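Chemist: Before we start, here is the structure in question, set down as structure tokens.
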Amino acid sequence: MSEHCDNNCGSCGEDCADRRGEKPNFRAAPNELSQIKKVIGIVSGKGGVGKSSVSAMLAVTMRRLGYRVGVLDADVTGPSIPKAFGIQGKAEGSEQGLYPKQSSTGIEIMSINLLLENDTDPVIWRGPILANTVKQFWSDVIWGDVDFLFIDMPPGTGDVPLTVFQSIPVDGIVIVTSPQELVSMIVAKALRMAEMMKVPVLGLVENMSYFKCPDNGKEYKIFGESHIDEIAGKHGLKVLAKLPIDPNISAACDNGMIEQFDGNWFDAVGKQLAGQ
Ligand SMILES: Nc1ncnc2c1ncn2[C@@H]1O[C@H](COP(=O)(O)OP(=O)(O)OP(=O)(O)O)[C@@H](O)[C@H]1O
Ligand SMILES: [Mg+2]
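The sequence shown lines up with residues 1218 to 1493 when you count with our numbering.
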């Protein structure tokens, strides 16, 4: 492809792979010591809806079911996976690649925060470098034998998610939303990206769906009525889970104790993933 390509072959005479009808292959090979059975991306069209918490809880769910699990933190500018799992220390490497850190229940984790000298160092790199880092988390990390690798994607539909889809064979994505006005458009965007990248959508997770008052047991819709069933129906998708706003989730996530989360929200999804 010409570096000035505007996808309009009528205005260009370049003899490129696109014109010859050849599909460029951006796929990166995994590290030769990695055997990864299923790769699941967790995406959202918007930040702060609980993507990292959902990625972490899905990983914990599959680990509790006895699978070998990894989490690849692809959110390079806002990494939060090591913190959710309470991982201290830095990742180490050898000539063969980089070793992920193991959580207390044996979940393999790789994140930019395990490579930076200080957790608080900001990552102020441009898109292509960020994207390349994520690609290396696939090609240079020695994941070993993993049944499920969950990828916590950066929010939105920019350079990094695009590179993840182009370079890593993602088997399916989970779209995380919260109840709000723009949700229909946000889901449509994420879906469109998945379609363009030819990645199957496993379903939707609505986070912060409601709050159950511990005093009277009543459910309150803090962010407004949910339209998730309607949206899922419109696109022919499954609603995989609806999570309450629960201070225990934020406490577990923010204090490195996500492996102790207590809730059955992901039981059905876990069974579905296990059965695939
Ligand atoms: N269901 C929930 N109940 C209570 N708190 C929650 C819930 N889900 C997430 N949180 C909290 O909300 C905050 C944002 O969640 P999280 O970091 O998972 O979102 P994110 O989508 O990954 O954000 P970002 O776009 O910044 O990566 C965190 O402090 C988390 O602990
Ligand atoms: Mg996050």
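Cβ coordinates follow ideal geometry from the N, Cα and C atoms, glycine included.
It should be emphasised that the depicted structure is a prediction, and the values quoted were computed from it without experimental measurement.
#1: So, for glycine 1441: in the same chain, excluding its five sequence neighbours on each side, which residues have a beta-carbon less than 8 Å away from its beta-carbon?
#2: Please determine whether the Cβ atom of lysine 1307 lies at a distance below 6 Å from any heavy atom of ligand 2.
#3: On the premise that valine 1381 lies in contact with alanine 1291, defined as a C-beta separation below 8 Å, what is that separation, rounded to the nearest angstrom?
#4: I'd like to check one pair, glycine 1314 with isoleucine 1359: are the Cβ atoms closer than 7 Å?
#5: Along the chain, which unbroken stretches of the beta strand (DSSP E) at least 3 residues long are found entirely within the region 1227-1305?
#6: Would you check if the distance between the CB atom of proline 1296 and the CB atom of asparagine 1248 is smaller than 7 Å?
#7: Buried or exposed, going by whether 16 or more other CB atoms sit within 10 Å of the CB of lysine 1435?
#8: Is any heavy atom in ligand 1 found nearer than 6 Å to the beta carbon of isoleucine 1462?
#9: Measuring alpha carbon to alpha carbon, tell me which residue in Met1425, Met1402, His1452, Pro1345 is nearest glycine 1265.
#10: Is phenylalanine 1243 buried or exposed, if buried means 16 or more other CB atoms sit within 10 Å of its CB?
#11: Quick one: what does DSSP say isoleucine 1475 is sitting in, helix, strand or coil?
#12: Around the C-beta of aspartate 1369, are 16 or more other C-beta atoms found within 10 angstroms, so that it is buried, or is it exposed?
#13: Pick from Ser1384, Gly1267, Thr1322, Gly1303: whose alpha carbon is nearest that of methionine 1414?
Modeler: Here's the rundown:
#1: Counting from 1 along the sequence shown, the entry for residue 1441 is found at position 224. If we look at glycine 1441 and ignore the five residues flanking it on each side, its Cβ neighbours are Pro1396, Gln1397, Glu1398.
#2: As a first step, residue 1307 must be located in the sequence shown, where it is residue number 90. Outside the cutoff, so no.
#3: By 1-based counting over the sequence shown, the position of residue 1291 is 74. By 1-based counting over the sequence shown, the position of residue 1381 is 164. With a Cβ gap of about 6 Å, alanine 1291 and valine 1381 count as contacting.
#4: Counting from one through the sequence shown, the residue named residue 1359 turns up at place 142. Counting from one through the sequence shown, the residue named residue 1314 turns up at place 97. Closer than 7 Å, so yes.
#5: 1252-1260, 1286-1290
#6: For the purposes of this step, residue 1296 is taken as residue 79 along the sequence shown, with counting starting at 1. For the purposes of this step, residue 1248 is taken as residue 31 along the sequence shown, with counting starting at 1. Not in contact: proline 1296 and asparagine 1248 (Cβ atoms no closer than 7 Å).
#7: Taking the sequence shown and counting its residues from 1, one reaches residue 1435 at position 218. By the neighbour-count rule (16 or more Cβ atoms within 10 Å), lysine 1435 is not buried but exposed.
#8: Taking the first residue of the sequence shown as 1, we reach residue 1462 at position 245. Because some heavy atom of ligand 1 lies under 6 Å away, the Cβ of isoleucine 1462 counts as near it: yes.
#9: The count along the sequence shown starts at 1 and reaches residue 1265 at position 48. It is Met1425 whose Cα lies nearest to the Cα of glycine 1265.
#10: For the purposes of this step, residue 1243 is identified with residue 26 of the sequence shown, where counting begins at 1. Burial call: exposed.
#11: Residue mapping note: residue 1475 aligns to position 258 of the sequence shown, counting from 1. Isoleucine 1475 falls in the helix class under three-state DSSP.
#12: As a first step, residue 1369 is located in the sequence shown; it is residue number 152 there, counting from the start. Under this definition aspartate 1369 is a buried residue.
#13: Locating residue 1414 in the sequence shown gives position 197, counting from the first residue. Of the listed residues, the one whose Cα sits closest to methionine 1414 is Ser1384.
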